[in-house]
Amino acid sequence: MGQIRYRSAVSPVRRSFARPVELPDVDATVAALRPAEPLHCLRPAVLKATARRFVAAFTEAVGGDVLYAVKCNPDPAVLRALWKGGVRHFDCASPAEVRVVRSMFPEAVIHYMHPVKNRAAIRVAYRELGVRDFALDSVEELAKLREETGDARDLGLIVRLALPKGNATYDLSGKFGAAPDAAAGLLRRARALSPRIGVCFHVGSQCLTPDSYGDALRLAGGVIRASGVPVDVVDVGGGFPVSYPDMTPPPLDAYMEAIRAGIAGLGLPAGTRVWCEPGRALVAAGSSVVVQVEKRRGDELFVNDGVYGSLSDAGVPAFRFPCRLVRPAGTDTAPLMPFSFWGPTCDSADRMKGPFLLPADVREGDWIEIGQLGAYGATLRTEFNGFDQARLVEVADGPLLETPGHGVPARLPAK
Ligand SMILES: *Cc1c(COP(=O)(O)O)cnc(C)c1O
């Protein structure tokens, strides 16, 4: 019999290091530890400040609730920092995520926003973990929710709308969502069963056009009107972007204004709640990873983390990340040139084309800090080929890049 193995929602980084070391900044940490394994540098103060600013902006725009999308980074240190920044609502999509949040914050409001749920997951979430709000995009899912909760009358039923393919960097159309007619029908059925119903959508991740929220809200308004029933919740989802080397998004307030105007245009009755589900925007700046160069071959660097580790978005999705050489001050004066990276595994798919801009004299043994990896970084790590030995420290310095409107200054200028 094969063994059944479970992957924890908690970052594997966390399992081996119950208490992170706390150090002032990345440079001091590298000098002290001279790390031979990837070093994850978490910034609780940045996470807290980013959350505080985001929650304030969303509250000011629409008086709504900010649900953190836990899948983006479920590390307890991240969740704690966001909580300190004022996040009280969590968008979870698995029992493991719900459990982590519930065990840390008994008074958190948890919303199960995965539109296709396992039956056992519904039972556990509803009966044991206090979840009341569930997303759905089909009559079959509605039937599941009714059956597994014993026809509960206190469910919040949030209908996920399908959106046409937008211009987000990560398109999310196609997997989930009900088409407008079906969504209107679902809202009518839900209204007959539930004291709290609503609509939700996701414009796609790293969405660089604030108007996408306005477009989606107009579509949502059409569905609500077609349904003929009032809704209690409009959830504008995630997708809020952050800066990467070749991508400086419009300021956060442009998104808030698009949402404010879009909501105002729906003419919803007073008391309708507005939610959003940011992931990337809250946590990307909150962590960077320090890797070590194991070999240089021209403009290619073989480093000790890769697409099976924390850098999967640098692989096929080909995100560019900010980076800098970590050397004692004054010794990294060579002009910058573009490099590509190879990860530590034997797989030739473990390649990151970048380009990563680094001093031309980078060599074996050097350390490189790669920034903006708090979102969809450590949480996607695997143990493939035996490379799973990262360490975690907490640092107090700023992120490598600033995202306009986030109010968190960076160490590198925005490009
Ligand atoms: C992943 C996800 C999010 C977060 O998306 P970001 O683009 O990281 O903000 C929000 N809501 C749902 C339902 C998701 O699946």
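Residue numbers for the sequence shown follow the UniProt record's numbering, so the first one is 1 and each next one is one higher.
Cβ atoms here follow ideal geometry from the backbone N, Cα and C, with glycine treated the same way.
task = Starting from TYR213, follow the alpha helix (DSSP H) in both directions and report where the run begins and ends.
result = As a working mapping, residue 213 is identified with position 213 in the sequence shown. Boundaries of the alpha helix (DSSP H) around TYR213: 211-227.
key: Buried versus exposed call for CYS346 [16 or more other C-beta atoms within 10 Å across all chains shown]   = Sequence index remark: in the sequence shown, residue 346 carries index 346 (1-based). It is exposed - the Cβ of CYS346 has fewer than 16 other Cβ atoms within 10 Å.
query = In whole angstroms, what separates the C-alpha of PHE302 from that of GLU294?
reply = Counting from 1 along the sequence shown, the entry for residue 302 is found at position 302. Counting from 1 along the sequence shown, the entry for residue 294 is found at position 294. One C-alpha to the other measures close to 5 Å.
message = If I follow the unbroken beta strand (DSSP E) through GLY198, where does it start and stop?
response = Reading the sequence shown from its first residue, position 198 is the one you call residue 198. 196-200 is the span of the beta strand (DSSP E), which, as asked, contains GLY198.
key: Pairwise C-alpha distance: ASP75 and ARG14   = Start at 1 with the first residue of the sequence shown, and residue 14 comes out as number 14. Start at 1 with the first residue of the sequence shown, and residue 75 comes out as number 75. Low confidence applies here, because ARG14 scores a pLDDT of 49, under 50, leaving its location unreliable; read the following figure in that light. Taking the straight line joining both Cα atoms gives about 7 Å.
inquiry  = Whether or not the stretch 58-76 and the stretch 295-314 are in contact is what I'm after, with contact meaning three or more pairs of Cβ atoms, one per stretch, closer than 8 Å; do they touch?
reply    = The stretch 295-314 makes no contact with the stretch 58-76, as fewer than three CB pairs between them are under 8 Å.
Expected contact under 8 Å - CB spacing of SER288 and VAL26 to nearest Å = Counting from one through the sequence shown, the residue named residue 288 turns up at place 288. Counting from one through the sequence shown, the residue named residue 26 turns up at place 26. Rounded, the Cβ-Cβ distance is 7 Å, consistent with contact.
Burial state of ASP151, where buried means 16 or more other Cβ atoms lie within 10 Å = If you number the sequence shown from 1, residue 151 lands on position 151. Exposed, by the Cβ-count rule.
query = Does the Cβ of VAL395 have 16 or more other Cβ atoms within 10 Å, making it buried, or fewer, making it exposed?
reply = For this step, residue 395 is matched to residue 395 along the sequence shown. With 16 or more neighbouring CB atoms inside 10 Å of its own CB, VAL395 falls in the buried class.
query = Does the distance from the C-beta atom of ALA285 to that of THR50 stay below 8 Å?
reply = Here residue 285 is taken as the residue at index 285 of the sequence shown, counted from 1. Here residue 50 is taken as the residue at index 50 of the sequence shown, counted from 1. Closer than 8 Å, so yes.
inquiry  = Which runs of the beta strand (DSSP E) at least 3 residues long sit entirely within the stretch 81-139? Give them in chain order.
reply    = DSSP runs (the beta strand (DSSP E)) wholly in the stretch 81-139: 89-92, 109-112 and 133-136.
key: Where the alpha helix (DSSP H) containing ARG191 begins and where it ends   = On the sequence shown, residue 191 is found 191 positions in, with the first residue counted as 1. Unbroken alpha helix (DSSP H) run through ARG191: 180-193.
query = Count the other CB atoms within 10 Å of the CB of LYS165; is the residue buried (16 or more) or exposed (fewer)?
reply = Within the sequence shown, the letter at position 165 stands for residue 165. By the neighbour-count rule (16 or more Cβ atoms within 10 Å), LYS165 is not buried but exposed.
inquiry  = Give me, in chain order, the residues of the same chain whose beta-carbon lies closer than 6 Å to that of MET337; leave out the 5 immediate sequence neighbours on both sides.
reply    = Here residue 337 corresponds to residue number 337 of the sequence shown, with the count starting at 1. Counting only Cβ-Cβ distances below 6 Å, and skipping sequence neighbours, we find ALA360.
message = For ligand 1, I want to know if ALA285 counts as a neighbour, meaning its beta carbon is within less than 7 Å of at least one of the ligand's heavy atoms.
response = Looking up residue 285 in the sequence shown gives position 285. Because no heavy atom of ligand 1 lies under 7 Å away, the Cβ of ALA285 does not count as near it: no.
request  = State whether the stretch 252-269 contacts the stretch 360-377, with contact taken as three or more CB pairs (one from each stretch) at a distance under 8 Å.
outcome  = Judged by Cβ distances under 8 Å, the stretch 252-269 makes no contact with the stretch 360-377, as fewer than three pairs qualify.
request  = Please work out which residues of its chain come closer than 6 Å, Cβ to Cβ, to residue 416, disregarding the five sequence neighbours upstream and downstream, and give them in chain order.
outcome  = Residue 416 lies beyond the residue range present for the chain, which begins at 1 and ends at 415; the question has no answer from this structure.
task = With DSSP as the reference, label VAL242 as helix, strand or coil.
result = Here residue 242 is taken as the residue at index 242 of the sequence shown, counted from 1. In the structure shown, VAL242 sits in coil (DSSP, three-state: anything other than H, G, I, E or B).
ask   = Nearest-angstrom Cα distance between LEU325 and ASP350?
value = The residue labelled residue 325 in the question sits at position 325 within the sequence shown. The residue labelled residue 350 in the question sits at position 350 within the sequence shown. When the Cα atoms are used, LEU325 and ASP350 turn out to be separated by approximately 21 Å.
task = Examine chain D for any beta-carbon lying closer than 8 Å to the beta-carbon of PHE319, and answer yes or no.
result = In the displayed structure, chain D is absent; only one protein chain is listed.
ask   = If we ignore side chains and look at the alpha-carbon of each, how far apart do ARG280 and ARG320 end up?
value = Start at 1 with the first residue of the sequence shown, and residue 280 comes out as number 280. Start at 1 with the first residue of the sequence shown, and residue 320 comes out as number 320. Rounded to whole angstroms, the gap between the alpha carbons of ARG280 and ARG320 is 15 Å.
query = Hey, VAL307 and ILE368: beta-carbon distance below 8 Å or not?
reply = Against the sequence shown, residue 307 aligns to sequence position 307. Against the sequence shown, residue 368 aligns to sequence position 368. No; because the gap between Cβ atoms is not below 8 Å, this pair is not in contact.
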